[in-house]
DNA sequence: TATATTGGTATCCAAAAGTATAGCAGATTC
DNA sequence: GAATCTGCTATACTTTTGGATACCAATATA
């Protein structure tokens, strides 16, 4: 036995888990983050491209959510000084890895449908 | 080649994926569903037990979210006519399987923390 | 008799999230 | 000269979500 009791270790550990889950929830939060990430999984996109691809989103929300995702380390924003200006949004490594989460979400969702819609 | 074009099949398939993801999002929606599910993963609980265990929740929200989870096939509600009445909430099979989703959420969250907090 | 227990509901209010609409600057196309 | 493209921002509004508080009936306990 070390200097930290087993109970303490469990608390520490589950605390980490809660933080981790919260981080993941931040990526899922709101109506538009998933559509944005989904769209970026197929490759980098410009602002207007995203706006056109994601039906119903307003530039205000797109801008806000992209900022959120950038702050959370899910996308990067790159400005090229072309004319007119080009701004490119792209998933980070972590953002790409998020596909794993989406995959189990799909998997669970499909199984759940199968098991409840009998 | 069958009577459905490949493009149609892809659309059909990705449509299913969207539904599946939405189903999963329904389980994650709101401030309290995850704490409730988390608590029920350790076994069935009564209303007041959940209320005591989940710090800060009001009976109004607990009642509402439990109904939601029941409708979505995540928990079952069983009433025993003891005195006073006993109401037991328990995860369904699908609800238990949801742990898989939580597990990857934790996994991604931990990795994300590692890779961003360098 | 007063209080606590069970599992909730009713009502009202505040905060958060999202929508609608308009606009900007600087250049290009019609 | 008007409209269109870029990538946004500002303002005002509506909708959704969640919180606070009080209350219910029936019974057991102090």
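Chains as they are written, first to last, in this note's numbering: chain Y, 4 to 121; chain F, 4 to 121. Each residue gets a CB set at the ideal place from its N, CA and C atoms; glycine is no exception. Computed from a prediction, not measured in an experiment: that's the story for all the values here.
Contact residues of the region 86-100 of chain F toward chain Y are 96, 97 and 100 (C-beta to C-beta distance below 8 angstroms). Taking CB atoms only, residue 8 (chain F) has no neighbour in chain Y less than 8 angstroms away.
Within the model, the alpha-carbon separation for residue 67 (chain F) versus residue 26 (chain Y) is close to 25 angstroms. Proximity of the region 93-107 of chain Y to the region 41-49 of chain Y meets the contact definition, three or more beta-carbon pairs being nearer than 8 angstroms. Contact between residue 54 (chain F) and residue 65 (chain F) is confirmed by a C-beta separation of about 6 angstroms, below the 8 angstroms threshold. Residue 92 (chain F) has F:48 and F:80 as its beta-bridge partners, per DSSP. Contact of residue 24 (chain Y) with chain F by beta-carbon distance below 8 angstroms involves 37, 105, 108, 109 and 112. Counting other Cβ atoms within 10 Å of its Cβ, residue 120 (chain Y) stays below 16 and is therefore classed as exposed.
Look at the beta carbons and you see the region 101-114 of chain F touching the region 99-108 of chain Y: at least three pairs across the two are nearer than 8 angstroms.
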